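Participant: Per this note's numbering, residue 104 is the first one in the sequence shown, and the count goes up by one each step.
Heads up, the beta-carbon is just placed ideally off N, CA and C, and yes, glycines get one too.
Because the structure is a prediction, the values reported are computed rather than measured.
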Amino acid sequence: MVAALNRLPRIVPILGVLVCLIVGAVVPTYGWIFTALVALFLVWMFVLSQARLTGVEKLMRIAVIVFITAIAIIQSRPRG
Numbered sequence: 104m105v106a107a108l109n110r111l112p113r114i115v116p117i118l119g120v121l122v123c124l125i126v127g128a129v130v131p132t133y134g135w136i137f138t139a140l141v142a143l144f145l146v147w148m149f150v151l152s153q154a155r156l157t158g159v160e161k162l163m164r165i166a167v168i169v170f171i172t173a174i175a176i177i178q179s180r181p182r183g
C-alpha cells in the first residue's frame, strides 16, 4: 500500500483528502464517514512518520487528528 502511494504524484493524496473533506461537509447524512476516512488516513500517515518527527511536530499532527475526529463525531450526531 505504501509503495502504491509512493508511485503516485504527490498532489494525488492531497487532492483525495481535500475531496473527502468537501464531500464530508456537503453530504448531510453520511458525510461523517468521509471525514472519518480522512481521520483514519491522517492517523496512518502519523504512524508511518512518527519516528522522524520532533515533539512539536507530533503534537501538531495529533491536534489535527483530534480536530478532524471531533468534526466526524459532531457530524455523525443528528440535530434535533
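1) Quick one: using the 10 Å Cβ neighbour count with 16 as the cut-off for buried, is T138 buried or exposed?
2) How close, in whole Å, do the beta carbons of V120 and V141 come, if the pair is a contact with beta carbons under 8 Å?
3) What separation, rounded to the nearest whole angstrom, lies between the Cα atoms of A175 and V130?
4) For W135, which residues in the same chain have their Cβ closer than 7 Å to its Cβ, ignoring the five residues on either side in sequence?
5) For I114, count neighbouring Cβ atoms within 10 angstroms of its own Cβ and tell me buried if that reaches 16, exposed if not.
Facilitator: Per the coordinate set shown:
1) Burial of T138 is indicated by the presence of at least 16 other C-beta atoms within 10 angstroms of its C-beta.
2) About 5 Å; that satisfies the 8 Å criterion.
3) Distance between the alpha carbons of A175 and V130: 12 Å.
4) Once the five neighbours on either side are set aside, the close Cβ partners of W135 are G127, A175, Q178 and S179.
5) Note on I114: under 16 other CB atoms within 10 angstroms of its CB, so exposed under the neighbour-count rule.
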